[in-house]
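Visitor:
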Amino acid sequence: MAPKKEKKSSGGAAGNSAEISAEQTQLLELFSRISLSGPKALELTRLPAQSKALQEVIEDLPSEVGQLDQKVSGLIVLVCAPANLKGVERSQRNYLVRRVLDGSINTSDKVTAAAKFLFSSQPEVDQAAFDEACGVGECDRLVAPGARGALPAQG
Numbered sequence: 020m021a022p023k024k025e026k027k028s029s030g031g032a033a034g035n036s037a038e039i040s041a042e043q044t045q046l047l048e049l050f051s052r053i054s055l056s057g058p059k060a061l062e063l064t065r066l067p068a069q070s071k072a073l074q075e076v077i078e079d080l081p082s083e084v085g086q087l088d089q090k091v092s093g094l095i096v097l098v099c100a101p102a103n104l105k106g107v108e109r110s111q112r113n114y115l116v117r118r119v120l121d122g123s124i125n126t127s128d129k130v131t132a133a134a135k136f137l138f139s140s141q142p143e144v145d146q147a148a149f150d151e152a153c154g155v156g157e158c159d160r161l162v163a164p165g166a167r168g169a170l171p172a173q174g
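So the number in my numbering is just where the residue sits in the sequence shown, counting from 1, plus 19.
#1: Assign Ala169 to one of two classes, buried (16 or more other C-beta atoms within 10 Å of its C-beta) or exposed (fewer than that).
#2: In whole angstroms, what is the alpha-carbon distance linking Asp79 and Leu73?
#3: Specify, as a first and last residue, the run of the alpha helix (DSSP H) that Glu108 falls within.
#4: My output table needs one value for Gly85: the three-state DSSP class, helix, strand or coil.
#5: Figure out for me which residue from Ala41, Ser110 and Gly57 has the closest Cα to the Cα of Asp141.
#6: Helix, strand or coil for Ile95 per DSSP?
#7: Since Val76 and Val116 should fall inside the 8 Å C-beta cutoff, what is the C-beta to C-beta distance between them, to a whole number of angstroms?
#8: Ala147 and Phe136: beta carbons closer than 9 Å?
#9: Pull up the CB-CB distance for Ala134 and Asn103, whole angstroms please, since I reckon it's below 8 Å.
#10: Going by beta-carbon coordinates alone, are Leu120 and Val84 separated by less than 9 Å?
#11: Tell me whether Arg118 sits in a helix, a strand or coil according to DSSP, three-state version.
#12: Could you give the distance in angstroms between the alpha-carbon of Ala6 and the alpha-carbon of Pro101?
#13: Per DSSP, what kind of secondary structure is Asn113 in: helix, strand or coil?
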């Protein structure tokens, strides 16, 4: 028997309605646990590999993954993108999610660098090598000369 479908509005620009399956509804409820909702969450339910990986993260790390701000949720979604998961073991992916949650990996560029590092590393992650490869601890933005927090010019 096919999963029951119910009609719900997708909230699209033209007001189109879309069929949402019971499985998608369950995923939407799960994704809401990390403050992921709306069109982005609905789109993820249509991406089987990514939604499965995100589901596993939420289920593997229930005490660590809670209501998150949009930036952190977005980075976790990026961690779960198929391109970033290729050749990366589940334990490595969860390590990367923990580093996003602790603020060490805080940009999309760092997520990409981390995924590349994990792809080429052993299953047991060497934290020092990981941090160096991913730019952990490096300043994420440039400060304009003379601005508060800028280093004085050497001269």
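From the three backbone atoms N, C-alpha and C, an ideal C-beta is built for every residue, glycine too.
Here the structure is a predicted model, which means the values were calculated and not measured.
Guide: In this structure, then:
#1: The sequence position of residue 169 within the sequence shown is 150, counting from 1. Low confidence applies to Ala169: its pLDDT is 43, below 50, so where it sits in the model is not reliable, and the reading given next is rough at best. Exposed, by the Cβ-count rule.
#2: In the sequence shown, residue 79 corresponds to position 60, counting from 1. In the sequence shown, residue 73 corresponds to position 54, counting from 1. Computed Cα separation, rounded: 10 Å.
#3: Here residue 108 corresponds to residue number 89 of the sequence shown, with the count starting at 1. Counting along the chain, Glu108 falls outside any alpha helix (DSSP H), and DSSP gives it neither H nor E.
#4: By 1-based counting over the sequence shown, the position of residue 85 is 66. Looking at Gly85 - three-state DSSP - the assignment turns out to be coil, as it is neither helix nor strand.
#5: What you label residue 141 is simply residue 122 of the sequence shown in a count that begins at 1. Looking at the sequence shown, residue 141 is not Asp but Gln. Considering only alpha carbons, the answer is Ser110.
#6: Here residue 95 refers to the residue found at position 76 when the sequence shown is read from its first residue. Of the three classes helix, strand and coil, the one that applies to Ile95 here is helix, per DSSP.
#7: Within the sequence shown, residue 76 is the residue found at index 57, counting from 1. Within the sequence shown, residue 116 is the residue found at index 97, counting from 1. 5 Å between Cβ atoms; contact.
#8: By 1-based counting over the sequence shown, the position of residue 147 is 128. By 1-based counting over the sequence shown, the position of residue 136 is 117. Taking 9 Å as the Cβ cut-off, Ala147 and Phe136 do not qualify as a contacting pair.
#9: Here the question's residue 134 lines up with position 115 in the sequence shown. Here the question's residue 103 lines up with position 84 in the sequence shown. Right, the Cβ-Cβ distance comes to about 4 Å (below 8 Å), so this counts as a contact.
#10: Translated into the one-based positions of the sequence shown, residue 120 becomes position 101. Translated into the one-based positions of the sequence shown, residue 84 becomes position 65. Yes, Cβ-Cβ distance for Leu120 and Val84 is below 9 Å.
#11: Counting from one through the sequence shown, the residue named residue 118 turns up at place 99. In the structure shown, Arg118 sits in a helix (DSSP, three-state: H, G or I).
#12: Past the edges of the chain, shown from 20 to 174, lies residue 6, and the structure says nothing about it.
#13: Looking up residue 113 in the sequence shown gives position 94. Helix, per DSSP.
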